[in-house]
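Read top to bottom, the protein sequences are chains X and U.
The first sequence stops at residue 234 when you use the working numbering, and every number in between is there.
The second sequence stops at residue 234 when you use the working numbering, and every number in between is there.
Heads up, the beta-carbon is just placed ideally off N, CA and C, and yes, glycines get one too.
This report refers to the structure that appears directly beneath it.
2 protein chains.
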Amino acid sequence: MSTAIDLADRGGVDDLSMRRLADELGFKVMSLYNHVANKDELLELMVDRILGAVEFVDTGEGVIEDDDGAAANDDAVDAETDSASETGAADWRTAIIHLAVAEHRLILAHPWVASVMNTVFPRTGRWRLAEELLRLLTLGGFTGHLRDLGYHAITLHVGGFTQQQIGYQFTPEREAEMYARFHRDVTEDVYPLMVDHVRYHEVMDTIPGERPDEFRFVLDLILEGLERRRDDP
Amino acid sequence: MSTAIDLADRGGVDDLSMRRLADELGFKVMSLYNHVANKDELLELMVDRILGAVEFVDTGEGVIEDDDGAAANDDAVDAETDSASETGAADWRTAIIHLAVAEHRLILAHPWVASVMNTVFPRTGRWRLAEELLRLLTLGGFTGHLRDLGYHAITLHVGGFTQQQIGYQFTPEREAEMYARFHRDVTEDVYPLMVDHVRYHEVMDTIPGERPDEFRFVLDLILEGLERRRDDP
DNA sequence: ACCTGAACACCGTTCAAGT
DNA sequence: ACCTGAACACCGTTCAAGT
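Below is the structure:
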């Protein structure tokens, strides 16, 4: 029934109204309130269904499993992460990267999640993720204040960076207007570096935030820095 | 006239409707469309006014100045940044930190900016910021792909991290409901680390994302990592 | 237990008419 | 040049009434 996700996947979350959803389901608006307290609860359920689908990597110890009982250790994400999985059990660092990238990708696949995520209460799908991240950090030898900082650094990076990237995903019409405005307002004499920057993207044929490795790049910076602070003073 | 910002500062952006704004100004709704094409343009102007207020630090070279002609080099932000400003002219690193922290604080002071920023076209207030950041990175010896990565890493961090932090700023009622839900759903047997984590925050008497140094912490990780990649292979 | 019609208090925006 | 009344096509939600 909560397959109102399709509707949001199509027209974005702004096109998801209780009225449109009811139409789609063949009911009248008010029937929905028999299954859901209000729109906030609907969004809550939708977000949690998406985020609940993140799968954990096997670290060789007690793994918190998915609702479906699946604890994946070989899929597209894993293939990109570093080695170390030759042993069968991944180390904490690989597992955190897997977790973050998997969540990042799920949000990119359902862009409306990014904006709704923040305004809605967490449910089990999100608590799971939080607990697992804390577990992996602990496994990595992080405790106390540094674990706390690391936890926030990573979660805020996953949510925030992804959300910002999605902001760069324009519809064709917006893309066209953006292009027009840029060439009208941003001239080489006033903004030489900005012009250069955009030219660079044109040559590379990339849209800012669409380059697949940017999320990983910053994630790596964060993890490196955390490790250094763990090992030094 | 664009002092509809007050309205958004008070009740959040959801309480800012064309109708309420007109009421506040003593006009009828439709009069607004004589001064602004539509609501999007209004939000565009509001965001740009806020972000246009970010002041740049003097790096001793050609400084792009504020609209007001102010090129601040000693205020609250500067006091927190590292030394190096004894010379009068700040180095690129200090200046980037200043820039990022200043923008971060402005957004925190007008939380609605975070959510609107992404959905609205940039104007001169934002182009300035982009150009200045690129200038500082160039000053720091970054070129090509690394400068590009650094630029995106920093801008997405400023916007995204801040936005996520704001998501943690609950109203008292939401705070109370969050508290109740947490203690109902997150039990020590299933989520031991999460319980521990929240207990840590309670002892520290901090709300996640309210600790003032978290933004700087991750920013430092990013800048450190960028420097290392600039100096090494 | 689930559905519905009518109603309430809202939105953004257009358009023709006023001064 | 600026303001406005009426209207259009929408919102989320409540409540009493139906089966």
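- With contacts defined by Cβ atoms closer than 7 Å, V219 (chain U) and V114 (chain U) do not form a contacting pair.
- Inclusion of V55 (chain U) and A103 (chain U) in the CB contact set at 7 Å is warranted, their separation being smaller than that value.
- Nearest CB-CB separation between G160 (chain U) and chain X: below the 7 Å threshold.
- Spanning the alpha carbons of D149 (chain X) and A23 (chain X) requires a straight line of approximately 43 Å.
- DSSP places A5 (chain U) in the coil class of the three-state scheme, outside both helix and strand.
- Interface flag for I155 (chain U) against chain X is unset, since no Cβ pair is found closer than 7 Å.
- L134 (chain X) and T156 (chain X) do touch by the CB rule: their CB atoms are close to 7 Å apart, below 8 Å.
- V58 (chain U) is a Cβ neighbour of A96 (chain U), given a cutoff of 7 Å.
- Counting other Cβ atoms within 10 Å of its Cβ, E132 (chain X) reaches 16 or more and is therefore classed as buried.
- Counting C-beta atoms within 10 angstroms of its own C-beta, T60 (chain U) has 16 or more neighbours from the protein chains shown and is therefore classed as buried.
- A distance of 7 Å or more separates the beta carbons of E42 (chain X) and F122 (chain X).
- From the beta-carbon of G168 (chain X), the residues of chain U found nearer than 8 Å are M118, N119, T120 and G160.
- Any Cβ of chain X closer than 7 Å to the Cβ of W128 (chain U) would place that residue at the interface, and such an atom is present.
- Between the alpha carbons of A9 (chain X) and D16 (chain X) lies a gap of roughly 7 Å.
- Proximity of H198 (chain X) to chain U, defined by a Cβ-Cβ separation below 7 Å, is satisfied.
- At a cut-off of 7 Å between beta carbons, A110 (chain U) makes no contact with chain X.
- Pairing H146 (chain X) with E215 (chain U) gives a Cβ-Cβ distance that is not under 7 Å.
- Listed in chain order, the beta strand (DSSP E) runs fully inside the region 125-187 of chain U amount to none, counting runs of at least 3 residues.
- Within chain X, the C-beta atoms nearer than 8 Å to that of D186 (chain U) come from R124, T125 and W128, in chain order.
- At a C-beta separation below 9 Å, I223 (chain X) has these neighbours in chain U: V219, L222, I223 and G226.
- Spatial neighbours of M205 (chain X) in its own chain (CB-CB distance under 6 Å, excluding positions within 5 residues in sequence) are not present.
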